[in-house]
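Undergrad: Residue numbers (my numbering), protein chains in the order written: chain A, 1 to 295; chain B, 1 to 442.
Submitted below is the structure of interest, expressed as structure tokens.
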Amino acid sequence: MKARTRAAATLLTPFFVLFTAVMLIPIGYAVWLSLFTEQQSGLGFGGSETVFTGLGNYTAALGDRVFRDGFLVLLGYCVIYIPLMVGGALALALLLDSALARAKRFFQLALFLPHAVPGIIAAMIWLYLYTPGLSPVVSAMHSGGIGFDFFSPGGALPSIVNIALWEWLGYNMVIFYAALQAIDRSVLEAATVDGASGRRIAFSIKLPLIRASVLMVVLFTIIGSLQLFTEPLILNTGSGSAVSSSWTPNMYAYTAAFSRNDFGLAAAASVLLALTAALLSFVVTRLSGRKDAHA
Amino acid sequence: MNRSWSRTTLSIAGAVTALAVVTACGGSGDDSADGGTGTAAKPVTITFWGWAKGTKEVVDAFNASHKNIRVKFEETPSGNAGGYAKISNAIKAGNAPDLVSVEYPQLPEYVSQGGFQDIGKYFTEESRKKFLPQAVEQTTLGGKTWAVPFDAAPQAFFYRKDLFAKYDIAVPKTWDEFKAAAEKVEKADSKARIGTFFPDDPTTFEAMVWQAGAQWFKAEGDTWKVNTTDAATTKVADYWQGLIKGGLVRTDASFSPAWTNSLKTGGTIGYLGASWGGGVLGGTLPEQSGKWAVAPIPTWDGKPASGMLGGTTFAVPKNSEKAAAAVEFATWMTTTEDGIKARISSGTSSAFPAALSLRPAAKKAFDTKFYGGQDIYQVFEDGGSAIAQGWTWGPSMGTTNTTLKDQFGKLAGGGTTVPDAVKAAHDATVAELSKRGLKVEG
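Set out below in structure tokens:
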């Protein structure tokens, strides 16, 4: 018994040490920072004084239209991105899983490959592909009569959705494909014997059976979307685009800390974003739980 | 697995932990706490962050000729491209280097945040006298000395002289002529433009209003007066709004792939920049060597006038205990012939020293091949003596410039106008100053 306790302690200690060091302490520090603000006097050249402001930074962030607009951008992003991502990944996975597919391994790898490219590199590649005068894609579109400006106010969101799709489609497809492979083949055989068409099997048998995976992907995608940062930041700094420096809540926090030197505001914005993510995760998992109960 | 969490949370968590850990260690003692400058037997090692062209060569030259101080140079991204984020973070964490590069506009912000230390003790009146008074004025805030100025950055107009000749366009001396020239360029080649309004770099626009005589910030008593609705600002804002709306200038980001490409392909044949741009241009477009020339920046009334666009200073973060050594090195970089020669002979820098006596040395060290042998330092000299006095940068240029930049990003799509962008920046600035507890009028 004693040996078992010791073993458990030995195995768990590294985890808790790291968890405390890289999760709990930083989060605590962020919350602590968010309660203070810098106050100056006169012309401000006498340095600044850190004063406790309670929830002042939180009300400042919530009262800032730019911060709230960031959530609207995220909403717009999710509305476009999530259906395309989940629908696209499902369609590809079902195609790969169907009896019709050839060269499955090749397509699996080819579709997954973009995910191996780090996000920042992907964003820079796409920045070039979006830049008129440099990009073969833009010039091909122009000669085809399509004059789309990827950096315009209306074009910025689709441009970023496109980068994210490129990065994550294959990854989610692999998750779905693995779930599809795990389906008991006898169920599918029974459906075939009963005369169900390939399409009918896909929609009425396969999809319901991998619902858990679909929900997981939706959940992760929502949380990932909330943290949208790298791609718009590259578009912000590398082009004269409509993507502003506080376009998403994460960018708002970054700009508050490093352009405006307001660490308290940045911390408050980050905490608010984290709370939103926690709340959404809770809602999505609860919803999924209820559906399973009814099934 | 849980990629979304791991991706961002861990990176933030990691960064914050690093901060926490470093803060904890920051107070460790050091035997050079007296600010000593070291001896040959026991040299002081200082760390220096910068990005200006030719900095590495300067550091090498200093280390080769000095035994008492060793400089460890760490190259950072340029200020707006992430360099300032790095400095702010390090100051907050208490592990900033002993010397950092800061441009004039950002200096008051760092000072008002308490990020730098007063270096008046080491950067003496005797040294200060060597500099252009405007540069000293920009680095003296609230009666204290906060930075060693390096370059004065008078504005200048760089242009493709081969194409100007081909299209038979005279080099514009006034802004009216500039507009006429812009129209001619577009007429001669529908794909070419005379220059670019940089939406990502508000300091270019600010230099234009400075040149026109505006003074956005004034410290009167203990009150900040913010004024962006004066005649000069209005004139400049309307002028650029007209050029942008008429499609006579490009609106690419500075040094972006789009901008560089348009220079390479002859789609942009001019660049409204400053002295330091001369070296950058040569480094960016080596294949166009000999095709470029420099002219004084156009003015409103034809008489010489200039703003200052960027320009680097060197400041000592508050946590450094080696201020004396840091300032000694900074003074060497900015006031000695060896320092300036090392930088300019690197071939990538066309810095125009704020220290008046160094200008002949800088001129001699600069290779004018890219400009077909033109004496570009004479152009800078004329621009430098025409820098309008009295301009002060506000204590929250981060907020002012971020707002301007965000607004300028909407110009190309017609989402806003230059005057509206200035108005938005004004409001954001006043709000930020009041939030910090400063007295502000405007």
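Virtual Cβ for every residue (Gly too), placed ideally from N, Cα, C.
1) Inspect the beta-carbon positions of glycine 311 of chain B and glutamate 103 of chain B and report whether they are closer than 8 Å.
2) Within 8 Å of any Cβ in chain B, is that where the Cβ of arginine 318 of chain A sits?
3) Measure how close the beta-carbons of alanine 190 of chain A and isoleucine 210 of chain A come, nearest whole angstrom, since I'm counting them as under 8 Å.
4) Please report the residue range of the beta strand (DSSP E) in which lysine 447 of chain B lies.
5) Alpha carbons only, please: which of B:Gly373, B:Gly390 and B:Asp176 is nearest the one belonging to serine 289 of chain B?
6) Output yes or no for whether 8 Å exceeds the beta carbon distance between threonine 47 of chain B and lysine 72 of chain B.
7) Give the straight-line distance between the Cα atoms of glycine 333 of chain B and serine 346 of chain B, rounded to the nearest whole angstrom.
8) Rounded to the nearest angstrom, what separates glutamine 241 of chain B and glycine 247 of chain B at their Cα positions?
9) Could you list which residues in chain B have their beta carbon closer than 9 Å to that of glycine 47 of chain A, in chain order?
10) Interface residues of chain B around leucine 127 of chain A at Cβ under 8 Å?
11) Cβ closer than 7 Å: which chain A residues qualify as neighbours of leucine 141 of chain B?
12) Hey, how far is the Cα of valine 283 of chain A from the Cα of isoleucine 222 of chain A?
13) Please decide whether glutamate 167 of chain A counts as near chain B, where near means a Cβ-Cβ distance under 8 Å.
14) For tryptophan 224 of chain B, return the contacting residues in chain A, with the cut-off set at a CB-CB distance below 7 Å.
15) Considering only the alpha carbon of each residue, which of A:Ala140, A:Leu169 and A:Leu129 lies closest to phenylalanine 151 of chain A?
16) Using only the alpha-carbon positions, how far apart do threonine 196 of chain B and arginine 250 of chain B sit?
17) List, in order along the chain, the chain B residues whose C-beta lies closer than 7 Å to that of serine 34 of chain A?
18) State yes or no: is the beta carbon of alanine 266 of chain A nearer than 8 Å to at least one beta carbon in chain B?
19) Between alanine 63 of chain A and the rest of its own chain, which residues show a CB-CB distance below 7 Å, the 5 nearest in sequence each way excluded?
20) How would you label valine 79 of chain A, buried or exposed, when you count the other beta carbons within 10 angstroms and need 16 or more for buried?
21) Measure from the C-beta of proline 14 of chain A to each C-beta in chain B and report whether the shortest distance is under 8 Å.
22) List the endpoints of the continuous beta strand (DSSP E) containing glutamate 75 of chain B.
23) Would you call serine 204 of chain A buried or exposed, if buried means 16 or more other Cβ atoms sit within 10 Å of its Cβ?
24) Mind checking if aspartate 427 of chain B is an interface residue toward chain A, Cβ cutoff 8 Å exclusive?
25) Is the Cβ of threonine 399 of chain B closer than 8 Å to any Cβ of chain A?
26) Buried or exposed for glycine 79 of chain B, please, with buried defined as at least 16 other CB atoms from any protein chain shown within 10 angstroms of its CB.
27) According to DSSP, is tryptophan 175 of chain B part of a helix, a strand, or is it coil?
28) Using the C-alpha atoms, what's the distance from alanine 305 of chain B back to isoleucine 121 of chain A?
29) Below 8 Å between beta carbons: does that hold for threonine 400 of chain B and threonine 429 of chain B?
30) Suppose you measure from the CA of leucine 280 of chain A to the CA of threonine 237 of chain A; what does that come to, to the nearest Å?
31) Let's see if you can read the secondary structure: which residues bound the beta strand (DSSP E) around lysine 439 of chain B?
32) Got a sec: which bits of the region 52–86 of chain B sit with their beta carbon under 9 Å from any beta carbon on chain A, in order along the chain?
33) Beta-carbon within less than 8 Å of isoleucine 160 of chain A's beta-carbon, same chain only, minus the 5 sequence neighbours each way: which residues are those?
34) What does serine 239 of chain A touch in chain B if you count any residue whose Cβ is under 7 Å from its own?
35) From the DSSP output, read off the bridge partner residues of glycine 273 of chain B.
36) Would you please verify whether the beta carbon of threonine 402 of chain B is less than 8 Å from any beta carbon of chain A?
TA: Per the coordinate set shown:
1) Yes; because the gap between Cβ atoms is below 8 Å, this pair is in contact.
2) Residue 318 of chain A lies beyond the residue range present for chain A, which begins at 1 and ends at 295; the question has no answer from this structure.
3) Not a contact, Cβ separation roughly 17 Å.
4) Chain B is shown only over 1 to 442; residue 447 of chain B falls outside these bounds and no answer can be derived.
5) The option with the nearest alpha carbon to serine 289 of chain B is B:Gly373.
6) In contact: threonine 47 of chain B and lysine 72 of chain B (Cβ atoms closer than 8 Å).
7) For clarity, residue 333 of chain B is methionine in the given sequence; the question names glycine instead. Methionine 333 of chain B and serine 346 of chain B: Cα-Cα distance of roughly 14 Å.
8) For glutamine 241 of chain B and glycine 247 of chain B, the distance between alpha carbons rounds to 10 Å.
9) In chain order: Val111, Ser112, Gln113, Gly114, Gly115 and Lys318.
10) Simply Pro257.
11) Near leucine 141 of chain B (Cβ distances below 7 Å), the residues of chain A are Phe45.
12) C-alpha separation (whole angstroms): 11 Å.
13) With a threshold of 8 Å between beta carbons, glutamate 167 of chain A makes no contact with chain B.
14) Simply Leu43.
15) Nearest of A:Ala140, A:Leu169 and A:Leu129 to phenylalanine 151 of chain A, Cα basis: A:Leu129.
16) Between threonine 196 of chain B and arginine 250 of chain B, the C-alpha separation is close to 4 Å.
17) The contacting residues do not exist; serine 34 of chain A stays about 12 Å from chain B at best.
18) Answer no: the Cβ-Cβ gap between alanine 266 of chain A and chain B never drops below 8 Å.
19) With the sequence shown as reference, residue 63 of chain A is identified as glycine, and alanine is not the correct amino acid for it. None.
20) Exposed: under 16 other Cβ atoms inside 10 Å.
21) Judged by the 8 Å Cβ criterion, proline 14 of chain A is not in contact with chain B.
22) For glutamate 75 of chain B, the enclosing beta strand (DSSP E) stretches over residues 69–75.
23) Of the residues assessed, serine 204 of chain A falls on the exposed side of the cut-off, its CB having fewer than 16 other CB atoms within 10 angstroms.
24) The beta-carbon of aspartate 427 of chain B is placed no less than 8 Å from the nearest beta-carbon of chain A.
25) Interface annotation, threonine 399 of chain B: in contact with chain A, CB-CB separation under 8 Å.
26) Answer is buried; the Cβ neighbour count reaches 16.
27) Of the three classes helix, strand and coil, the one that applies to tryptophan 175 of chain B here is helix, per DSSP.
28) One alpha carbon belongs to isoleucine 121 of chain A, the other to alanine 305 of chain B, and they sit about 43 Å apart.
29) Taking 8 Å as the Cβ cut-off, threonine 400 of chain B and threonine 429 of chain B qualify as a contacting pair.
30) Leucine 280 of chain A and threonine 237 of chain A: Cα-Cα distance of roughly 30 Å.
31) Counting along the chain, lysine 439 of chain B sits inside the beta strand (DSSP E) bounded by residues 439–441.
32) Those residues of the region 52–86 of chain B that come within reach of chain A (Cβ to Cβ, closer than 9 Å) are Asn80, Ala81, Gly82, Tyr84, Ala85 and Lys86.
33) Closer than 8 Å at the Cβ level, and outside the excluded window around isoleucine 160 of chain A, lie Tyr77, Leu228, Glu231, Pro232, Leu235 and Val243.
34) Under the 7 Å cutoff, chain B gives Ala253, Ser256 and Ala258.
35) Partner(s): B:Ala156.
36) In terms of beta-carbon proximity, threonine 402 of chain B lines the interface with chain A, with at least one pair separated by less than 8 Å.
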